[in-house]
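Colleague:
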Amino acid sequence: MTSERPEQARAQRTPAGGTPCRVVVCRDCCCGTRKVAGVDHAQQVAYLTSKVPVRISDCLDVCEHANVIVVQPSAAARAAGARPVWLGLVNDSDATEDVAAWVQAGGPGVAPCPDILDLHVFTPPPLAR
6 MTSERPEQAR AQRTPAGGTP CRVVVCRDCC CGTRKVAGVD HAQQVAYLTS KVPVRISDCL
66 DVCEHANVIV VQPSAAARAA GARPVWLGLV NDSDATEDVA AWVQAGGPGV APCPDILDLH
126 VFTPPPLAR
């Protein structure tokens with residue numbers, strides 16, 4: 006399932022090379038559930054969706070890092086060598102806002118990852134990638 010803003014806004018974010026930078030939000034067995042207490046999960050997705058292209062995923066098999074967000078580089082950045090960045094424990098509004106701001110700035114391969122988000126970066130096990 007993909008939730009994105011209207012066509013005009015999406016076109017403005019889409020680089021000439023095709024697919025824009027976007028986020029994948031895990032929402033299944035642990036992420037996005039009451040297992041991660043004190044987080045307004047619906048608000049997190051609503052906020053991200055209002056700012057950047059979002060895909061909702063089933064379990065990404067890294068439950069110990071819930072809530073997980075993967076920032077996927079744009080097609081052009083990916084072609085230039087950028088790779089997805091996995092962020093774990095994205096459980097507060099400040100981190101969610103930092104993710105959206107980074108994606109709006111271009112994301113992996115275009116804009117440097119904000120120092121504060123470095124605290125959330127993790128390397129997923131090979132099967133989860």
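In case it helps, the numbering used here puts the sequence shown at residues 6 to 134. Yeah, the Cβ is synthetic: ideal placement off N, Cα and C, and Gly gets one too. If you're wondering where the values come from, they're calculated on a predicted model, not measured in any experiment.
Rounded to the nearest angstrom, what separates M6 and P119 at their Cα positions?
Modeller: Note that M6 scores 39 on pLDDT, short of 50, meaning its location in the model is unreliable; the coordinates nonetheless yield the value given after this. Cα-Cα distance, rounded: 28 Å.
Colleague: Just verifying my parser: in three-state terms, what is the DSSP assignment at L53?
Modeller: Three-state result, L53: helix.
Colleague: Do the CB positions of G93 and H125 come within less than 7 Å of each other?
Modeller: Yes, the pair counts as a contact, with Cβ atoms nearer than the cut-off.
Colleague: Quick one: what's got a C-beta closer than 6 Å to V143's C-beta in the same chain, skipping five residues either side?
Modeller: Lying before the first or after the last residue shown, residue 143 is absent from the chain, which here runs from 6 to 134.
Colleague: Taking 7 Å as the threshold (C-beta atoms), are S55 and V29 in contact?
Modeller: The answer is no: Cβ separation not under 7 Å.
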